[in-house]
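Written below as structure tokens is the structure these notes are about.
Numbering (the working numbering), first residue to last: 1081 to 1224.
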């Protein structure tokens, strides 16, 4: 999709669904390209379709590469609180014709992703703090 057409499509998406800013859509599109390159290595430059779970793994890796310990803060600013939000963004782009999907792809592919605290905060804790963090998380989840 040409840049002008992409921006026009994003204008329509954000007008119809203002939950996520356009930066979030650009990030997910970049993360998809990153993921396609990751999973297509060794296939002579041919990009293949990625599953929702592969995309979530790619989003995680790309976010850590791009934002480091600020990834969780950036996602909070963009109103992205769980993997389900990434699915909403992806399917908004599918509905707008920016991305394509297969018959097997669905929003449900993004429902059982990873815990954001575990994915984006824990990797940046010093080893001396990780055990205490894990204990605190277990205690908090046992109390619910």
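For each residue, glycine too, the CB sits at the ideal point set by N, CA and C.
query = Residue range of the alpha helix (DSSP H) that residue 1140 falls in?
reply = 1132-1147
message = Count Cβ pairs between the segment 1164-1173 and the segment 1129-1139 that sit closer than 8 Å; are there 3 or more?
response = yes
ask   = Any idea what DSSP makes of residue 1181, helix, strand or coil?
value = coil
query = Which residues mark the beginning and the end of the alpha helix (DSSP H) in which residue 1087 is found?
reply = 1083-1096
inquiry  = With the cut-off set at 8 Å, would you say residue 1172 and residue 1103 are in Cβ contact?
reply    = no
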